[in-house]
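The structure appears right after this line, and notes come after that.
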Ligand SMILES: Cc1cc2nc3c(=O)[nH]c(=O)nc-3n(C[C@H](O)[C@H](O)[C@H](O)COP(=O)(O)OP(=O)(O)OC[C@H]3O[C@@H](n4cnc5c(N)ncnc54)[C@H](O)[C@@H]3O)c2cc1C
Ligand code: SF4
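Protein chains in written order, with our numbering: chain R, 739 to 1161; chain U, 2 to 448.
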């Protein structure tokens, strides 16, 4: 049986950061990076730009073979973890072979969650999570005249914008009352919605699809969607973007004993409930910064942070610091505008929310405070340093004395406060 | 071997917030004078003056790790984090990754922008009218020297935070393997130059003369090599005690005979290796184990050394040596420049290099403060950096036009903690007098 000191499963942000962290401390220990994807490492976040054609599919890779060679990493692609036999430190691959590990990182991320709508198995639809998904969607977009996007999260909205720009009639169907629910508040969502409708998209929030059926309306295999209220929609292209679920089937297949809930449960050093096994990124469920309860914080910056901590813990790096807890962080570009959200959008008891909105320029700012501490800040067309804001939140910096100035100019005042902490 | 990189350094104490650097950057990078588009941002830091929001070209850059498009990379050669416009997808995730506001949205282009150090000639630095910005290029030395053979043993038994190991390794690397080394009793052999268990601590021949005869023995060895027709560098690394006190007679003799040797003094202002006794280079007021602080006797309280230090390098100038210079490890470029000249001069005659070397243990300061103490010695004019050759006379290599008060230096360590206001004004007076003396020498020696 093949044996490796470190086995890292996945080849995206969490996995790559772990590899870097391991190599910082242990230059020689054998290290295998295993991924089911056939390509060099890339980020799912770049895929909307592959779909639009802005990024070339062969120019988005985060590492090349030279990187793996110089860092002495055995990179195995097209090879999936099928079952984890944690009791005997062995990983079983899809082809039946096994790898024995001393330390294992599960950084298998997430995959699109497919809603159980009756008829969904009868129709053809797109999803967007892998590079192959993106190349397929890129080709399909050019042909599409009438597209429907299910789900108005950031993945769906990105794709919808691409479809609009490619000239299709686009309808976005979303169950929640507003677009980008969970990322942006109703005011910001309204601005996003207006930008889309101004560009000819149709938005159906608060709508549920109850049935899908094949349609012959377009010559190509299309879909007829039936909504709860009885209306029907015809689509020559259907994109399902209703959320994600972690990749962790291999835990049960091998009877691994690794505890999991909505994701793989991990400690403040990304260790799972089982010895020698760590997890990080979209597949992990770790402490939140604002709640002690373990949360899913499936965003890129957190995947890198968790990956780094896991890698340091696995290599025994004494510089390891505990995970402070996940902070939501998002940026979103739509039709030439940008939106940034950092921190919690929930107003806690005794909290205070301050807003500033200039309709003419479309600039919107909202910040949530509690006891003078910043909990969250959100802006549309109002640039501030997300990284600085995140530090103000993590370090619980007292802003009571400067709140008004901060709201007037979060960029300058954020830097001013942060600069005192840089020294 | 890791690489050192050039860097833009900021001295907050000198900045008055005029913003000229921002105008220069905006002009260079955007063709406008719009300061908000400058990649260097001076930020008011409350009552504490000013700070800098600028890309720090981090060693483990967060912006690079969160970029989904591989648009940011750290250039391993220059150390600069480079942004590739063709790959960037304007997602702004990098701005969320950076805690220093080092990469931000440029409102003029709609893309992110960051400092690229203008390919090694940053426009902001010369634009600062107060010298608050400097472009530090010392890394060049470390990268170059790092590639040369290290002629000392890997492990040295120095005190934590001592800069003498740096001096020993750099000097021997620079002098090279064709060298005979003399290290009289002091910290340098204490750290291991003379070796253990019958092996030497260096990869060049090294010997351990007496304190009194270092220069004489080394001169003899050099002559013998010359006689048999072999060109070698004859190098002494001695302490200030061994050079200015009992070793002075042989040192002065060798200088007077213009022997072809390089005599380097590591001046830590006392016999630190043997328990921190005073030497003739110990400054006025300093505590040592033989100039203690306490009740004293005969009604005279003990308040540290009661005499001023001997200025050994200036005495060496009076030997009209081929080359005499003072140096500091806080100014490695200056030190390297002088080391090169001293090696060259030692092929013609006597070369003398006097390096000021703060002693963590004996001077009583935290182990991470060595360079800071060395820098403050220069910036208060407590010591001056200069060089002398018979042809060109004496010249200051790092004149300090606007010196800090000497208290900034004194306060940085424990050996001066007891000073009375009178003692402090005595020291401040000496600083002024010493500088005036050096300046007179400059005037007199310029023919
Ligand atoms: C279209 C889109 C847009 C996004 N936009 C943003 C954004 O703007 N901002 C943001 O913060 N986040 C965004 N995200 C989310 C972000 O991409 C993820 O949070 C991040 O990629 C998580 O990294 P990860 O390493 O945990 O997992 P993933 O990136 O999901 O990678 C998982 C890896 O594991 C491999 N793998 C999975 N199962 C197995 C197995 N059984 N065996 C072997 N290998 C396996 C996969 O091949 C892949 O290499 C976006 C995601 C998508 C899909
Ligand atoms: S804005 Fe450009 S450089 Fe910054 S993270 Fe996004 S793609 Fe990378």
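Here a beta-carbon is modelled for each residue, glycine too, at the ideal position from N, C-alpha and C. Just so you know, these numbers come straight off a predicted model, no measurement behind them.
Pop quiz: residue i and residue j are said to be a contact at Cβ under 8 Å. What is the actual Cβ separation, rounded to whole angstroms?
i: residue 942 (chain R); j: residue 927 (chain R); result: At roughly 14 Å, the Cβ-Cβ gap does not stay under 8 Å, so residue 942 (chain R) and residue 927 (chain R) are not in contact.
i: residue 414 (chain U); j: residue 374 (chain U); result: 6 Å
i: residue 976 (chain R); j: residue 948 (chain R); result: No, residue 976 (chain R) and residue 948 (chain R) are not in contact; Cβ-Cβ is about 15 Å, not under 8 Å.
i: residue 863 (chain R); j: residue 1068 (chain R); result: The Cβ separation is near 25 Å, so there is no contact.
i: residue 1121 (chain R); j: residue 354 (chain U); result: Not quite, the Cβ-Cβ distance comes to about 53 Å (not below 8 Å), so this is no contact.
i: residue 4 (chain U); j: residue 80 (chain U); result: 7 Å
i: residue 716 (chain R); j: residue 1016 (chain R); result: Outside the displayed range of chain R (739 to 1161) lies residue 716 (chain R), so it cannot be described from this structure.
Is residue i buried or exposed, if buried means 16 or more other CB atoms sit within 10 Å of its CB?
i: residue 1099 (chain R); result: exposed
i: residue 1183 (chain R); result: Look at the range of chain R in this structure, 739 to 1161, and you will see that residue 1183 (chain R) is not part of it.
i: residue 835 (chain R); result: exposed
i: residue 782 (chain R); result: buried
i: residue 223 (chain U); result: buried
i: residue 426 (chain U); result: exposed
i: residue 1139 (chain R); result: exposed
i: residue 23 (chain U); result: buried
i: residue 248 (chain U); result: buried
i: residue 897 (chain R); result: buried
i: residue 392 (chain U); result: exposed
i: residue 66 (chain U); result: buried
i: residue 1107 (chain R); result: buried
i: residue 994 (chain R); result: buried
i: residue 832 (chain R); result: exposed
i: residue 62 (chain U); result: buried
i: residue 1 (chain U); result: Outside the displayed span of chain U (2 to 448) sits residue 1 (chain U), for which this structure offers no information.
i: residue 974 (chain R); result: buried
i: residue 227 (chain U); result: exposed
i: residue 88 (chain U); result: buried
Can you name the start and end residues of the beta strand (DSSP E) that residue i belongs to?
i: residue 136 (chain U); result: 134-137
i: residue 1102 (chain R); result: 1101-1108
i: residue 1096 (chain R); result: 1090-1096
i: residue 915 (chain R); result: No beta strand (DSSP E) contains residue 915 (chain R), which DSSP labels as neither H nor E.
i: residue 268 (chain U); result: 263-268
i: residue 234 (chain U); result: 234-240
i: residue 962 (chain R); result: 958-965
i: residue 396 (chain U); result: 394-397
i: residue 373 (chain U); result: Counting along the chain, residue 373 (chain U) falls outside any beta strand (DSSP E), though it belongs to the alpha helix (DSSP H) covering 371-380.
i: residue 250 (chain U); result: No beta strand (DSSP E) holds residue 250 (chain U); the alpha helix (DSSP H) holding it covers 249-257.
i: residue 74 (chain U); result: 73-75
i: residue 84 (chain U); result: 82-84
i: residue 1070 (chain R); result: 1067-1072
i: residue 52 (chain U); result: 51-54
i: residue 357 (chain U); result: 352-357
i: residue 945 (chain R); result: From DSSP, residue 945 (chain R) is part of no beta strand (DSSP E); its letter is neither H nor E.
From which residue to which residue does the alpha helix (DSSP H) around residue i run?
i: residue 386 (chain U); result: First-last for residue 386 (chain U): undefined, no H or E at that position.
i: residue 140 (chain U); result: 140-147
i: residue 1142 (chain R); result: 1141-1146
i: residue 931 (chain R); result: 924-936
i: residue 988 (chain R); result: 987-991
i: residue 804 (chain R); result: 803-808
i: residue 342 (chain U); result: 333-347
i: residue 273 (chain U); result: Element bounds for residue 273 (chain U): n/a, residue is neither H nor E.
Along chain C, in chain order, which residues have C-beta atoms closer than 9 Å to that of residue i?
i: residue 1154 (chain R); result: As a matter of chain content, chain C is missing from the structure shown, whose protein chains are R and U.
For this session: Pull out every residue of the segment 776-805 of chain R whose Cβ sits closer than 7 Å to any Cβ of chain U, in chain order.
Result: 781, 783, 784, 787, 792, 793, 797, 798, 799, 800
For this session: With 8 Å as the C-beta to C-beta threshold (strictly closer), list the residues of the segment 1060-1084 of chain R near chain U in chain order.
Result: 1067, 1069, 1071, 1074, 1076, 1078, 1080
Exercise. In chain order, what residues of the segment 25-42 of chain U put their CB closer than 8 Å to some CB of chain R?
Worked result: 42
Problem set entry | Contact residues within the segment 1118-1142 of chain R, judged by C-beta distance below 8 Å to chain U | 1121, 1123, 1124, 1125, 1126, 1128, 1129
Problem set entry | the segment 92-104 of chain U: positions lying closer than 8 Å to chain R by Cβ | 92, 93, 94, 96, 97, 98, 99, 100, 101, 102
Exercise. Got a sec: which bits of the segment 66-85 of chain U sit with their beta carbon under 7 Å from any beta carbon on chain R, in order along the chain?
Worked result: 66, 67, 69, 70, 71
Problem set entry | Within 8 Å of chain U by C-beta, residues of the segment 1011-1042 of chain R in sequence order | 1038, 1039, 1042
Problem set entry | Selection of the segment 105-124 of chain U by Cβ proximity to chain R, strictly under 8 Å | 105, 106, 108, 111
For this session: Taking a Cβ distance cut-off of 7 Å, strictly less, list which residues of the segment 373-398 of chain U are near chain R, in chain order.
Result: none
Problem set entry | Residues in the segment 405-422 of chain U having any Cβ partner in chain R nearer than 9 Å | none
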